[in-house]
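Take a look at the structure set out below.
Numbering (mature numbering (1 follows the signal peptide of the UniProt record, and there is no 0)), first residue to last: -20 to -1, 1 to 412.
Have a look at this one:
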């Protein structure tokens, strides 16, 4: 069993014993909060969040102890806390983990009464609220930041290559990327070592190619011809098409591909909508880049869906063993208030998840509207099942290994992709 499987299984077994224990050392006047890295750096997150936490203290008398946790560490940190009962009061989670973490039993429910305390379910965007737990079960998280995937492109490099419009099909993207690739400049940058990014692209492209990662009973089916074709589409940018720098196989910290876009080393990046803060930190102003929806295959494969993003975003969850659960719920209400939603999402370049925050002109820009349209019309949630986080680690890890093979000069075709996805599926099926 892999590290994630061990932690999740242990959390499922021990969560009942953890519930009710005050393992975080909180009191009625303190809270501990683990935030995810949304800005250009951990320090940037602290700079954005600390004034808001001080405002919460001013309003409530409750002091919040903040820790910003890097994305590569966050899921394992959360699972370890769920297992041990020694963790924070409030956490940020990737919304794709919602059902997996819900299954541990370690988190407080957000039933109708709790949602009414936040202003009611109708305040939240329907798509974001759908990614808060398994269907038919009481959710154990609520939305905080909204995100969708899009295509970011360097306008200067496009002009120099004579490219007038962003691509709308993968064939056009490949052709444009080849025109942009020369010398030390590459058409596209990816984070090939990022398990999460790899898994997300496997899902999005899989939807476009007509793949369903799990059957109706929840059984994994990762090695179908449709899913193999989807993963091949992504890998070929580095392999056959040679429009991605092989060094991108080692990119995985969430900023390296965007750094290449900002510094003119790459013409395009497929990324979530919070790229703005990282691009700005690397000296790229909004006038220097464009944003467009992710492309689609042309023609549409049989059974392919009109999907070009997952319903991405960040949720808030409260540990059931919090020593200050009332204070934790007050903190969740504070962070999801219209005022804080405007402030925080403006700072991080993300989308508000409550309707009443969109009156702010900051959320009327063409880029924001593009992401809103994607979320409303062509985004799908990752399967809200307990095994979802294991899908990310197994399939995302398999694609990471395949990128490494390509970077090392080894050929990777359908047979190699199918074998890697079959191995990932076997790990899921056996818990190995």
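Just so you know, even glycine gets a beta-carbon here, dropped at the ideal spot from N, CA and C.
Rounded to a whole number of angstroms, what is the C-alpha to C-alpha distance between residue i and residue j?
i: residue 130; j: residue 116; result: 31 Å
i: residue 283; j: residue 344; result: 34 Å
i: residue 2; j: residue 60; result: Reliability fails at residue 2, whose pLDDT of 45 lies under 50, so the model's placement of it is uncertain and no value is given.
i: residue 120; j: residue 11; result: 18 Å
i: residue 332; j: residue 160; result: 34 Å
i: residue 286; j: residue 356; result: 12 Å
i: residue 372; j: residue 235; result: 20 Å
i: residue 48; j: residue 364; result: 26 Å
i: residue 294; j: residue 78; result: 10 Å
i: residue 402; j: residue 32; result: 47 Å
i: residue 195; j: residue 409; result: 13 Å
i: residue 29; j: residue 18; result: 10 Å
i: residue 187; j: residue 272; result: 19 Å
i: residue 209; j: residue 162; result: 27 Å
i: residue 100; j: residue 106; result: 12 Å
i: residue 337; j: residue 301; result: 31 Å
I'd like to check one pair, residue j with residue i: are the Cβ atoms closer than 8 Å?
i: residue 223; j: residue 166; result: yes
i: residue 169; j: residue 94; result: no
i: residue 6; j: residue 303; result: yes
i: residue 253; j: residue 183; result: no
i: residue 72; j: residue 362; result: no
i: residue 312; j: residue 108; result: no
i: residue 275; j: residue 147; result: yes
i: residue 318; j: residue 298; result: no
i: residue 111; j: residue 75; result: yes
i: residue 325; j: residue 13; result: no
i: residue 316; j: residue 70; result: no
i: residue 86; j: residue 114; result: no
i: residue 52; j: residue 22; result: no
i: residue 279; j: residue 189; result: no
Please classify residue i as buried or exposed, where buried requires at least 16 neighbouring CB atoms within 10 angstroms.
i: residue 322; result: buried
i: residue 353; result: exposed
i: residue 174; result: buried
i: residue 239; result: buried
i: residue 96; result: exposed
i: residue 88; result: buried
i: residue 34; result: exposed
i: residue 407; result: buried
i: residue 181; result: buried
i: residue 330; result: buried
i: residue 8; result: exposed
i: residue 308; result: buried
i: residue 25; result: buried
Within its chain, find whatever has a CB closer than 6 Å to the CB of residue i; leave out the 5 residues flanking it on each side and keep chain order.
i: residue 404; result: 202, 374, 375 and 378
i: residue 150; result: 275 and 277
In chain order, what residues of the same chain lie with their CB nearer than 7 Å to the CB of residue i, ignoring the 5 residues before and after it?
i: residue 264; result: 242
i: residue 380; result: 172, 173, 175 and 178
i: residue 135; result: 268, 269 and 270
i: residue 204; result: 191
i: residue 392; result: 215, 219, 382, 385 and 386
Let me check you understand the geometry: is the CB of residue i closer than 7 Å to at least one non-hydrogen atom of the ligand SAM?
i: residue 33; result: This structure lacks the ligand SAM; in fact it carries no ligand of any kind.
Excluding sequence positions up to five away, which residues of its chain have a Cβ less than 8 Å from the Cβ of residue i?
i: residue 237; result: 169, 170, 171, 228, 231, 246, 249 and 251
(message) Counting beta carbon pairs with one atom in the segment 42 to 50 and one in the segment 75 to 92, are three or more of them shorter than 8 Å?
(response) no
(message) Measuring CB atoms only, is the segment 24 to 41 touching the segment 58 to 68, in the sense that at least three cross pairs come out at less than 8 Å?
(response) Result no; under three Cβ-Cβ pairs closer than 8 Å.
(message) When you compare the segment 356 to 374 with the segment 149 to 157, are there three or more beta-carbon pairs, one atom per stretch, that lie closer than 8 Å?
(response) no
(request) Inspect the CB distances between the segment 209 to 220 and the segment 389 to 405 and report whether three or more fall short of 8 Å. (result) Touching, per the Cβ criterion.
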